[in-house]
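Below is one structure, written out as structure tokens; the observations come after it.
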Amino acid sequence: MTNKNNSTVLGAWTFFASAHAIDVCGINGLPLTPNSIRVLGRFQKLRSLKHPGLCTYLDIKRGKHERVMIVSEHYQDNLQNLEMRSSLKSPKLLAKFAFEVLDALSYLHMHDIIHRCLSPQSIRFDCEGHVKVSNYGLYYITECGTTVSFPIGVPKYMPPEVLARGMIDSCSSRKCDIWSLGIILLELTLEISLWSDFTLENLLKEILSLLKFDNGHEIVAHIVKYYDSSVKYESSPISLQLLIEECLNPISNSRPESHQLLSHPFFEEHMLTEDFKTTVFPLSFLSTQLRCNGYEKMVKLDSKIDDHLSKRPLQELYYLWQLAGGDLEAELRRQELIKAKPPIVTVSKIITCEGEEFGHEKDQAFLLDDSVSILPLEPLKHRLRDVDYDIYYPLIEYSLNGISPSSFFATLKDTSKLPLVIKEKDVEYQLHRIVLFKRLLEAYPYKRTLISQECKLDIPPLYRPWVWAALLEIEGDIQEGYDSIDKETPTPTDRQIEVDIPRCHQYDELLSSPVGHQKFKRILKAWVVSHPQYVYWQGLDSLCAPFLSLNFNDEALAYACLSAFIPKYLHNFFLKDNSAVIQEYLAKFSHLIAFHDPELTNHLDNIGFIPELYAIPWFLTMYTHVFPLHKIFHLWDTLLLGQSSFPLCIGVAILKQLRNNLLSYGFNECILMFSDMPEIDIQRCVQDSIKIFCSTPKSITYRVHEKVSPKIKKPFEANVRFSSSESMTDPDLFMVPLPIAELKSEVSPRISAEDLLDLLDLSPDSKNKSRSSIKMLVIDIRSSEEYPFIGRKLYILSFM
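Residues -21 to -1, 1 to 779 in mature numbering (1 follows the signal peptide of the UniProt record, and there is no 0) are what the sequence shown spells out, letter by letter.
Structure (structure tokens):
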């Protein structure tokens, strides 16, 4: 059954979800969620399924008029191929085939997925001859067929109880897949195609008539007699006959489950239960278990075999295909799976007062067409034809230190200096980054430091979810911890959560889906329940949104990231009484503005436009209430590398971009501008934030309510430079907490003696000659009682 030419390809197919009537609203008064959005949200579960007997789903996209387009792993050969059917005549090969199909079905059923469309066409084979079940999950993503206008299933392989209830129903059990497998095995045993000469009407009548029999033996005897194939059937192994008859039991409750059939005597006779029963589940990047088990030994490929790209994961191939210019909808149009029609022929029917209809019939395109379009990879391979093979197998230490004589790597180094939006569209550069980060993530947590170093350059979007988790130091069995939290018992915050979620980033297709709302609620409830010292404040939903969007199929990881993010950047912000925390944060923000832009501070103070009027949503949501998600991703890529004071610098960078307008506006104009935030160049904002952070004495952003790492005994004690005459344990060097009222009354910030010593160490012959000469006047204003030195000292510092 081996076919070396049957290599893995990317396949795409499309269908229409049913459209809602115009101006129809739900019970909450909001417009109904489009069915294509509902399908898209439920589809994400299929993307998380990983099994060697399943064709992997890669992506789903929405088009116009409720069109849905799906991309998956695809193989050309299927069971309809006569050559493939003839190769299964041997009982051992037939047993292997049936076992692999059952193993895949058992995995689906374990995840509450009913195939419902199992047929020879949906059973495909890879180049090694192993089964790859495709076209699964359609029944699940369409909510039992209620969100599409066509029936789901192949009538010939549907069990009679489903046909009796109607093709569109929500009562199907996973036992219907067992019936479908029984019909397929019977066809292979008899070497015929059942009911191929029947009309659809007669076919349905014939299958429904099978309900009159009491057991599967009688059904098989009836079919065998009709086709006069008793000799062929009786010559097959008795255990195979028993398997088929058990699958074709007309009483669905009496049919065995898929996992039960894996121990059937038919498979035990051929020694398959031990060889194939173990299912391989991929380990998470964040797992501390050994991840090299099952990996093929990586060796240098022969020079004649230059298709290194095909060795990469399918998700990477599809991602690079898109960067290389691949357009899913355009490709489906080119291959005529999407056919454009003149607008005139799509005009609705005309209905007279008497009820008589005129016009075109229902468009057949709204029915299911399971034809698969092959996405061409040749343009991508052509684009990457000059890529050094070394890029596919990086030596991490060498790559990070830039040790490579290749001119191609020199080109990548030049590309790394380009703007982020350009780097994220560059195919060669992204290939280099995703290969490197995949290696680093596989070595996590042992390469956590190297991951952080590479993130300073940029983060490849494909692996951003796991890179963020690594930066937040997430590891261990997070799923067990998340499962142990009670997310079902009603709490006083449920009502507020339900009100906030439908307003949170609902332009995003995933987050606006019903599945997205359910995940939102579970994660937020889990956080509230597991942090009893805090309360739910509006804004927590916005903080959750980036993590849920990136980890839509891994709620546990989204929850773990949220739980690690809040203590680091929003320590005590969610206390029931958080006024002291907020007021201190805003006071430090005002001081930071005054330090970097005194003119802007004076103007805003004169018109009474204080940070309390605009900045609280910024900091409480870490800007997720201000920017769309695609900008938040770029902003947080840098934020997660910084300290808890970095968000203050981002706020100053935003004001810097709006500076000209702010200086020319009065109070009312400023209020209007911040009620509808102007467009912000997020890349410039990030760069300005870094400059502001690096040029700010760290004591300016010192906060009493800041969470201090247990590794540092006192604030800023690490990395302090002291003169030889000073004691490293002198408490007078550190910042002293001040009352909130005093902080707010001071316009300019204070710095610590520690930072003053750092400034004193700056010499006039500094290497940085780009900055203009700055003179600093330092006056000691303390009284002799506070500082028992005779006289005062005046320091004049000049540095470049």
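Ideal placement from N, C-alpha and C gives every residue a C-beta, glycine not left out.
By the neighbour-count criterion, in which a residue is buried when 16 or more other Cβ atoms sit within 10 angstroms of its Cβ, R364 is exposed. F(-7) is bridged by DSSP to V47.
A straight-line Cα-Cα distance of about 11 Å links N14 and R41. The C-alpha of L221 is placed about 49 Å away from the C-alpha of S491. Judged by their CB atoms, L302 and Q409 are nearer to each other than the 9 Å cut-off. Under DSSP, E52 shares a beta bridge with L(-12). Annotation: the continuous beta strand (DSSP E) that includes F104 extends over 102 to 104. C-alpha of E180 to C-alpha of Y36: approximately 34 Å in a straight line. Under the DSSP assignment, Y548 falls in the alpha helix (DSSP H) whose first and last residues are 534 to 548.
Residues E488, S491, S492 of the same chain have their beta carbon placed closer than 7 Å to that of I16, with the five preceding and five following residues left out of the count. Close CB contacts of S101 within its chain, under the 8 Å cut and outside five residues either way in sequence, are with N57, H94, V112, S113, N114, Y115 (chain order). Rounded to the nearest angstrom, the gap between the Cα atoms of V446 and D667 is 23 Å. Non-local beta-carbon contacts of R443 in its own chain, meaning distances under 8 Å to residues more than five positions away in sequence, involve L529, F612, D616 in chain order. Here the region 464 to 482 makes no contact with the region 550 to 557; the two share fewer than three CB pairs at distances below 8 Å. Secondary structure at N557: coil, using DSSP grouped into helix, strand and coil. Unbroken alpha helix (DSSP H) stretches of 4 residues or longer found wholly inside the region 598 to 668: 608 to 618, 625 to 636, 638 to 643, 646 to 654, given in chain order.
Here Y368 has H287 as same chain residues with Cβ atoms under 6 Å from its own Cβ, once five neighbours each way along the sequence are excluded.
L391 sits away from E403, with the two beta carbons spaced by 9 Å or more. K567 and S624 have their C-alpha atoms some 10 Å from each other. Bounds of the beta strand (DSSP E) holding K111 are 110 to 112. Following the DSSP letters along the chain, one finds V494 in no beta strand (DSSP E) but inside the alpha helix (DSSP H) bounded by residues 493 to 509. If you compare the alpha carbons of L722, M714, A720 with that of D734, the shortest gap goes to M714.
Cα atoms of S569 and C628: separation of roughly 11 Å, rounded to the nearest angstrom. Checking the DSSP bridge columns, you'll see K40 partnered with M48. Here I353 carries a strand assignment [DSSP, helix/strand/coil]. For E166, the uninterrupted alpha helix (DSSP H) segment begins and ends at 154 to 169. Q562 and V631 have their C-alpha atoms roughly 17 Å apart. Contact annotation: F245 and A77 have beta-carbon atoms nearer than 9 Å. In the DSSP assignment, P10 is bridged to C4.
K75 and Q239 have their C-alpha atoms some 16 Å from each other.
Note that the region 663 to 681 touches the region 714 to 729; at least 3 beta-carbon pairs, one per stretch, sit closer than 8 Å. Proximity to G145 across S542, K184, W516, P716 peaks at K184, based on C-alpha coordinates.
Distances from the alpha-carbon of G455 to those of R482, D437, Y423 put Y423 closest.
In the structure shown, the three-state DSSP call for D207 is coil. Straight-line spacing of the CA atoms in E578 and N585 works out to 11 Å. Between H196 and E213, the C-beta gap is not smaller than 9 Å, which leaves the two residues out of contact.
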